[in-house]
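What follows is a set of notes on a single structure, which appears directly below.
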Amino acid sequence: MKISYFPGCTLKTTAKNFEISALAVTKELGIEMVELSRWNCCGTVYSLTSDDLMHQLAPIRDLIRVEEDGFNRVAVLCSMCYNTLKRANLMVQKDSEKLDKINDFMYKEDLKYDGKVEVVHLLTILKDEIGWEEIKKHVKRKLEGLIFAPYYGCLLVRPPEVAIDNVENPYIMDALFEALGARAIDYPYSTECCGSYNTVSNPDIVLDKTYEMVNLAREQGADAIILSCPLCDFNLEARQKNVLQKYPDFHPLPVLYFTQIMAVAFDLPQDTFGFKYNQVDPSYLFVKNKEKV
Amino acid sequence: MRIGVFVCHCGSNIAGVIDVKRVAEEAKKIPGVVYADTYIYMCSEPGQKLVEDTIKKYKLDGVVIANCSPSLHERTFRNAAARAGLNPYRVEIANIREQVSWPHEDEPELATKKAIKVVEATVKRVRKNIALVPPTIPVTKKAMVIGGGIAGIQAALDIADGGYEVYLVERDPSIGGKMILLSETFPTLDCPQCIETPKMTDASQHPKIHLMTYSEVDSVSGYVGNFKVRVRHKASYVDWSKCLGCGDCVTACPVKGIPSEVDRGLSDRKAIYIPFDQAVPLVPVIDADNCIKLKYERKISEGKIKRPPKPVKVCEKCQDACVPKIINFEDVDKIEEVEVGSIIVATGFELMPIENLPEYGAGKIPDVIDGLQFERLLCASGPTAGVPKRPSDGKIPQSVAFVSCAGSRDPAHGVAYCSRVCCMYLGKQALLYKHFVPEGNAFIFYIDIRSNGKGYEEFIQRAKEEEEVVYIRGKVSKIFQRGDKVVLWGADTLTGERVELEVDLVVLATAMVPSAGAKELASKLRIPTDTYGWFQEAHLKLRPLETVTSGVYIAGADQFPKDITDTVSQASGAAGKVLALFSKPELTREPTIATVDTEVCAGCGFCEDACAYEAIKIDPRRKISVVNEALCEGCGACSAVCPSGAMTLKNFAKSQVFDMVEVATEEYE
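From first to last, the protein sequence lines stand for chains A and B. So that you can map any letter, position 174 of the first sequence is 174 in our numbering, and since no number is skipped, the others follow by simple counting. So that you can map any letter, position 385 of the second sequence is 1385 in our numbering, and since no number is skipped, the others follow by simple counting.
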């Protein structure tokens, strides 16, 4: 399978471990992810102001790039990019007047956007197009004994029209863990907000949330939190050192992208795990695991 | 023609927008109109008198009343005409309120012009109206009640006490419905085992009531006064006529661990079982899907295994234990056809499964149960003999959280309505729980407390003040298991704070939804259901017990969530409707129905396909359509599809429609 791929800014900077592992894993599964020849910021946050079309230019321009490269589907890894691109796309699909306005504004583009690109998250591709049975076939190092907290945050499941799974009780990551030989906890915070950009202006909110969310994951028996969003990762993982300063009783817990545990389970080369970019070193989890195997 | 036009002001409802005087003046100019005037309330007694007197004085042979919708006052003025000696079907309504003054209140000039048009079109229609006589049909003075809950029992008893025979059909092995499974009933705390069992016994012993338990309606044909219902008596494998209800067969049965339907999975039953101690009739049935012997026999009949040459006794322990030897493994479903004149549908409700509520654990947390399960735990004849033990470990919970509106009032779960009884039963359950565990804590999460019944608000106040039940105003966002506790996250919207509560047991007041099979039954009875699947009444305010199918009535919580008081009232009301129907020697029907021009009809059958009421059949001998006057509802679908124009709706003929369209499509000056 060949599909256009939109990385987004974080995957090239703070979330390199996500991209490295994702590209390795998809290659192993026979998915050819072709990075867009040109792309810009996804728009970061989908604007809810109905006449604020200026903020829809960035995502729509990215979708034009997909068509320029000759594709009609684009795979996205970062939850925020996924959410923004998908919602901007839905908006212009539903409202041709707005689409015309945006196209008119970007008259210098060679192509006019027609609303025909499909935005898909990698997890959806894994579930619907590859299938858990196929993924199981690639597992060479079963992650037996490992227990993960699935963390979807808000952007993968809200609002319902872009949700990759059941809004209240998503199961897609649980199924992935099972395919890899691991197990998921019932994690009540799995669709909770990570605090998002409060991490800049009001970091205390994020510290309190992270403290609570990591502690509950540990309490429910999780060895690590697994997610798909670089911003959530920053708040849940990178912020742990600040949490420790605020709450001395805090114990750090590894946080990984779902593609990282897939890379381990597929027994791909060590450098594709991207562990060196993780703020809380997760490698010990898999050392134990290896001994068991 | 001598037509009179009467324009109603309807106070300011019509006259506030439309220049009614001008409408009357213009009406006078229409050919055939000999009288036109206005009156402030035409439906009032002096208004009707005016119509009557004018008919006599001007010798009118056609009347147009320009007022409100015909569904409100058509009958009023037709009766007035009849009193004045005019055939009532020469009277028509020109609706200038719902269709003119109300929707066009901002454009009085245009509204007046439109009203003039509507009046003119109706005058043209009335010109071709003919005098009609309502047809009469005989009536079978027996009734059927479908559903043996408290609604069905009450309706059956009332009709039987009125002297008519009733077939009471119940699909479960016992009558009693949901009510008999409850602990105590709000606000009086009567126990249903005390107040409902006498009615159940009365129903089973009443000489006029034929109890048909473990039976379902297979098909319904016919029409008001003359229904034919095929009832399927499901195979029970026990000869009930000889059964003593001793229960020896149940004791002997080796198949255990089947989740009990009446205890909603909180206890087990056997493959042969009596549903509960007060069951009426108190007889067992065999669950063929779980009985060793019947499963074996089925496999043989399906050819999956071969019967050994020397027959082996697989398991007949129930038969061995039975003293009168009345278990019959060869029992089959039996069909019985009965003729009735009227049908009451009282099939009740079900609760939305917890599986539909992923935010509340989707049914995976053992100590999160629904309201009816907690009723069973509190019920003296329930699985725990009335001691509220939680399902996971059988401990008596020291804290219980009750969650209102679990699914209800939540369009995201497809239930935008309020289930109406939950506020009250949660208050009652919390109160009963506190009686068992006085030192325990009971919390009720609510959005609003709806306690609008006699003695209801006082009851809630008692729960709050005397029983110290803690009410928290806010919705619960998430429920999950932590250790052996259940944790709820929510908000207290009065203090504006987030709430985290750790309790031993959670009771969800899950939304009330129509019972399984309601849709299929509705289509058998040709009655509509609403968006949610509740049976649709003919008019919410004025005909709440009737359906659009004549002779079929609804009672109880199959129309909408209801408490017992409302259910019983409605059941008696529906029974009253049936008794009124039976009080006449024969039925009269509206004569404004379809009629066939036998000279023109070619028997193509388009009308037969178009008829939603199965009122048209092709006569195979004459090869033409025949309209059943008792079934036709006068919708006009047949005349619309008829390619030859043979099919006509009386007093709404094609030529009348064309006359009206001609007026309606004229340009305004």
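Ideal Cβ placement from N, Cα and C applies to all residues, glycine included.
Residue(s) in a DSSP beta bridge with residue i
| i | result |
| --- | --- |
| B:Phe1436 | Paired residues: none, contrary to the question. |
| A:Arg73 | A:Glu118 |
| B:Ala1491 | B:Arg1498 |
| B:Pro1643 | According to DSSP, which records beta bridges pairwise, B:Pro1643 is partnered with nothing at all. |
| B:Ser1215 | B:His1233 |
| B:Cys1315 | BP columns for B:Cys1315 are empty, so no partner. |
Sub-8 Å separation of residue i and residue j beta-carbons
| i | j | result |
| --- | --- | --- |
| B:Ala1143 | B:Ser1419 | no |
| B:Leu1266 | B:Pro1324 | no |
| A:Val162 | A:Asn83 | yes |
| B:Ala1362 | B:Glu1355 | yes |
| B:Tyr1360 | B:Ala1406 | yes |
| B:Glu1599 | B:Pro1134 | no |
| B:Ala1580 | B:Ala1555 | no |
| B:Ser1100 | B:Val1118 | Correcting the residue type first, residue 1100 of chain B is Val in the shown sequence and not Ser. Taking 8 Å as the Cβ cut-off, B:Val1100 and B:Val1118 qualify as a contacting pair. |
| B:Ala1288 | B:Leu1282 | no |
| B:Asp1504 | B:Ile1472 | no |
| B:Lys1524 | B:Val1063 | no |
| B:Asp1331 | B:Ser1236 | yes |
| B:Lys1519 | B:Thr1529 | yes |
| B:Ile1564 | B:Thr1185 | yes |
| B:Ile1369 | B:Ile1479 | no |
| B:Cys1010 | B:Asn1067 | yes |
| A:Leu53 | A:Leu126 | no |
| B:Leu1488 | B:Val1476 | yes |
| B:Ile1159 | B:Val1578 | yes |
| B:Lys1208 | B:Glu1165 | yes |
| B:Thr1592 | B:Lys1654 | no |
Chain-order list of residues whose beta-carbon lies under 8 Å from that of residue i (same chain, five-residue window excluded)
| i | result |
| --- | --- |
| A:Ala15 | Cys78, Pro230, Asp233, Tyr257 and Tyr277 |
| A:Ile147 | Ala182, Arg183, Ala184, Ile185, Gly221, Ala222 and Asp223 |
| A:Leu63 | Val74, Leu85, Ala88, Asn89, Tyr113, Val117 and Val119 |
| A:Asn235 | Cys194, Gly195, Ser196, Thr199, Val206, Lys209 and Thr210 |
| A:Asp281 | Pro254 and Phe275 |
| A:Met91 | Gln56 and Lys98 |
| B:Ala1082 | Pro1088 |
| B:Ile1335 | Asp1218, Arg1230, Val1231, Arg1232 and His1233 |
Close beta carbons around residue i, own chain, < 6 Å, minus the five adjacent residues each side
| i | result |
| --- | --- |
| B:Glu1276 | It should be pointed out that residue 1276 of chain B corresponds to Phe in this sequence rather than to Glu. Val1262, listed in sequence order. |
| B:Gly1427 | Ile1460 and Ala1463 |
| A:Leu29 | Ile130 |
| B:Cys1043 | His1073 and Thr1076 |
| A:Lys246 | Leu207 |
| B:Ile1137 | Gly1225, Leu1587 and Ala1630 |
| A:Ser47 | His55 |
| B:Glu1466 | none |
| A:Met1 | Ile31 |
| B:Glu1633 | Tyr1613 |
| A:Thr191 | Tyr152 and Val157 |
Neighbourhood of residue i by C-beta distance below 7 Å, restricted to the same chain and skipping five residues each side
| i | result |
| --- | --- |
| A:Thr272 | Ile20, Ser21, Ala24 and Ala263 |
| B:Asp1202 | Leu1157 |
| B:Asn1013 | Arg1097 and Ser1101 |
| B:Val1023 | Val1007, Ala1066, Thr1112, Ala1115, Ile1116 and Val1119 |
| B:Arg1376 | Leu1181, Asp1263, Arg1264, Leu1266, Gly1382 and Pro1383 |
| B:Cys1249 | Ile1272, Pro1284, Cys1318, Ala1321, Cys1322 and Ile1327 |
query: Where are the beta strand (DSSP E) runs, 3 residues long or more, that stay fully inside the region 1102 to 1168 of chain B, in chain order?
result: 1136 to 1138 and 1142 to 1146
- request: Starting from the N-terminal side, write out each stretch of the alpha helix (DSSP H) that is 4 residues or longer and does not extend beyond the region 1036 to 1091 of chain B.
  value: 1045 to 1058 and 1070 to 1083
- request: Could you tell me which uninterrupted alpha helix (DSSP H) segments, each at least 4 residues in length, are contained entirely in the region 1418 to 1466 of chain B, listed from first to last along the chain?
  value: 1422 to 1436 and 1456 to 1465
Interfacial residues, the region 181 to 193 of chain A to chain B, with Cβ spacing under 7 Å: Asp186 and Pro188
- request: Report the residue ranges of all alpha helix (DSSP H) runs contained in full by the region 1345 to 1379 of chain B; include only those spanning at least 4 residues, in chain order.
  value: 1371 to 1378
task: Using a Cβ-Cβ cut-off of less than 7 Å, list which residues of the region 1354 to 1372 of chain B approach chain A; keep chain order.
output: Pro1358, Glu1359 and Ala1362
query: Listed from N- to C-terminal order along the chain, which residues in the region 1464 to 1488 of chain B have their beta-carbon within a distance smaller than 9 Å of any beta-carbon of chain A?
result: Lys1478, Ile1479, Phe1480, Gln1481, Arg1482, Gly1483 and Val1487
task: Would you mind listing the alpha helix (DSSP H) stretches within the region 126 to 205 of chain A that are 4+ residues and don't spill past its ends, in chain order?
output: 132 to 138, 172 to 179 and 198 to 201
message: So if I threshold CB-CB distances at 9 Å, which residues from the region 204 to 227 of chain A count as touching chain B?
response: Leu216, Glu219 and Gln220
message: In chain order, what are the residue ranges of uninterrupted alpha helix (DSSP H) at least 4 long that sit wholly in the region 1499 to 1540 of chain B?
response: 1518 to 1525
- request: Using a Cβ-Cβ cut-off of less than 7 Å, list which residues of the region 140 to 173 of chain A approach chain B; keep chain order.
  value: Asn166, Glu168 and Asn169
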